[in-house]
Amino acid sequence: MRTHTDYISITTAERCEIRDITAEVDRIVAVAKVDDGLALVSAMHITASIFINDHESGLWSDIMTWLEELAPAKADYHHHRTGEDNADAHLKRMLLGHQVTLPITKGKLDLGPWERVHYGEFDGQRPKRVIVKVFGGP
Amino acid sequence: MRTHTDYISITTAERCEIRDITAEVDRIVAVAKVDDGLALVSAMHITASIFINDHESGLWSDIMTWLEELAPAKADYHHHRTGEDNADAHLKRMLLGHQVTLPITKGKLDLGPWERVHYGEFDGQRPKRVIVKVFGGP
Amino acid sequence: MRTHTDYISITTAERCEIRDITAEVDRIVAVAKVDDGLALVSAMHITASIFINDHESGLWSDIMTWLEELAPAKADYHHHRTGEDNADAHLKRMLLGHQVTLPITKGKLDLGPWERVHYGEFDGQRPKRVIVKVFGGP
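Residue numbers (my numbering), protein chains in the order written: chain A, -9 to 128; chain B, -9 to 128; chain C, -9 to 128.
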């Protein structure tokens, strides 16, 4: 059994942003030299998401509008009594999820035709980390 | 360490449908001959879900009504500028999640008394695939 | 490859409650003596969640208020025709998710600075189980 761990560092230009990170994950899986296994991709910060969906900018815009409707930025969250202003980011990240486990078959990510791995940022403009842990048989 | 990979193909009769796939996953786990490990069950299409909940048709109906309230089908999604009409399906699938990782203990799925694995389809009536990757010690 | 499985039993004082279970998971990981691997933490009951977020009581209160808005307790769910009264709990648990997979590096949970593992109960006051399955190389 082989394991390989790496970290992706992301600093977004905007406070809220969606980014396709499939190519970065592919590169880490290639280095791992695992023929059959799994790759865990997990946001290490609690205001960011990892999710799988379509790489289509219209859909990304729809996702952001929809998250704002379901988990709006507003002043009166209890969390803000601590001095924070990002309670909505904590909620938005949970709607999309914070991690995915990707199957690896014959040395490559075994994804469906439109599956792409995305990073969703809801309180960005500062460095955040994503862990990628690859696990399997050589 | 042993791995075993199989794919379940599903074509639903309805555009939106919930189906219990626990028996199919059980069969794949039996073939894998893994005594202690994990089974990843993951939808390979971006308008379908895999989730664990109760096998109860009233609840399935409640889930569908609820998803329609939180992520309604409507014309004015940006995603529809590409010619698609299924942006709501992309959103609904994220509310339920697209994958589960099931523990295997003593050769069998180690689930609670009412835990059943479900496939949720939100843009069906065409073949979709679910990957099942089993992983563990013999 | 090494595996180790344990179960956490939780009986909450309130019907709905959030509890930080990171210390319990840490103890199980320490017993597993896995240097590099994964820990699956999964609720075995279908009205409870496992999720990662901030250990901050104001945020916990915000999460409960928000879940009540998105998946309200009410009488007219179809699920209640079976004699149950907890359809909202089945829905709430899906918004937060029911499991997480935690990376283990150098024998310890490899979490970001504010990541804490939480149990979310939505129909409690009776014993519920959480499985923790640790998996990896010694």
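Glycine residues also receive a C-beta, built at the ideal position from the N, C-alpha and C atoms.
Are any of the Cβ atoms in chain A nearer than 8 Å to that of residue i?
| i | result |
| --- | --- |
| residue 26 of chain C | yes |
| residue 125 of chain B | yes |
| residue 54 of chain B | no |
| residue 7 of chain C | no |
| residue 119 of chain B | yes |
| residue 147 of chain B | No answer is possible for residue 147 of chain B: it lies beyond the span of chain B, which begins at -9 and ends at 128. |
| residue -9 of chain C | yes |
| residue 77 of chain B | yes |
| residue 105 of chain C | yes |
| residue 102 of chain C | yes |
So that I know if they touch, is there some Cβ in chain C lying closer than 8 Å to that of residue i?
| i | result |
| --- | --- |
| residue 64 of chain A | no |
| residue -5 of chain A | yes |
| residue 108 of chain A | no |
| residue 87 of chain A | yes |
| residue 32 of chain A | yes |
| residue 1 of chain A | no |
| residue 114 of chain B | no |
Rounded C-beta distance between residue i and residue j? I'm assuming under 8 Å.
| i | j | result |
| --- | --- | --- |
| residue 127 of chain B | residue -7 of chain C | 6 Å |
| residue 36 of chain A | residue 43 of chain C | 5 Å |
| residue 48 of chain A | residue 72 of chain B | 6 Å |
| residue 106 of chain B | residue 12 of chain B | 5 Å |
| residue 101 of chain B | residue 34 of chain C | 7 Å |
| residue -9 of chain C | residue -9 of chain A | 5 Å |
For chain B, find out if any of its Cβ atoms is closer than 8 Å to the Cβ of residue i; answer yes or no.
| i | result |
| --- | --- |
| residue 93 of chain A | yes |
| residue 36 of chain C | yes |
| residue 60 of chain A | yes |
| residue -2 of chain C | no |
| residue 99 of chain C | no |
| residue 13 of chain C | no |
| residue 90 of chain A | yes |
| residue 41 of chain A | yes |
| residue 49 of chain A | yes |
| residue 44 of chain A | yes |
| residue 57 of chain C | no |
Does the beta-carbon distance from residue i to residue j come in below 8 Å?
| i | j | result |
| --- | --- | --- |
| residue 138 of chain A | residue 120 of chain A | This structure cannot settle anything about residue 138 of chain A, because the visible part of chain A is limited to -9 through 128. |
| residue 40 of chain B | residue 109 of chain B | yes |
| residue 81 of chain C | residue 15 of chain C | no |
| residue 91 of chain C | residue 89 of chain A | yes |
| residue 94 of chain B | residue 20 of chain B | no |
| residue 61 of chain C | residue 78 of chain C | yes |
| residue 145 of chain C | residue 32 of chain B | Nothing can be reported for residue 145 of chain C, as the shown portion of chain C is limited to -9 through 128. |
| residue 45 of chain B | residue 75 of chain B | no |
| residue 111 of chain B | residue 38 of chain B | yes |
| residue 25 of chain A | residue 123 of chain A | no |
Checking the sheet assignment: what are the DSSP bridge partners for residue i?
| i | result |
| --- | --- |
| residue -3 of chain A | A/121 |
| residue 66 of chain A | DSSP lists no partner for residue 66 of chain A. |
| residue 9 of chain C | C/109 |
| residue -8 of chain C | C/126 |
For residue i, would you say it is in contact with chain D, using Cβ-to-Cβ distances shorter than 8 Å as the test?
| i | result |
| --- | --- |
| residue 79 of chain C | Looking at the structure shown, chain D is missing, and the protein chains on hand are A, B and C. |
- Starting from the N-terminal side, write out each stretch of the beta strand (DSSP E) that is 3 residues or longer and does not extend beyond the segment 21 to 63 of chain A. 26 to 33 and 38 to 43
- Item | Any alpha helix (DSSP H) of 4 or more consecutive residues that is wholly inside the segment 69 to 116 of chain B | 77 to 86
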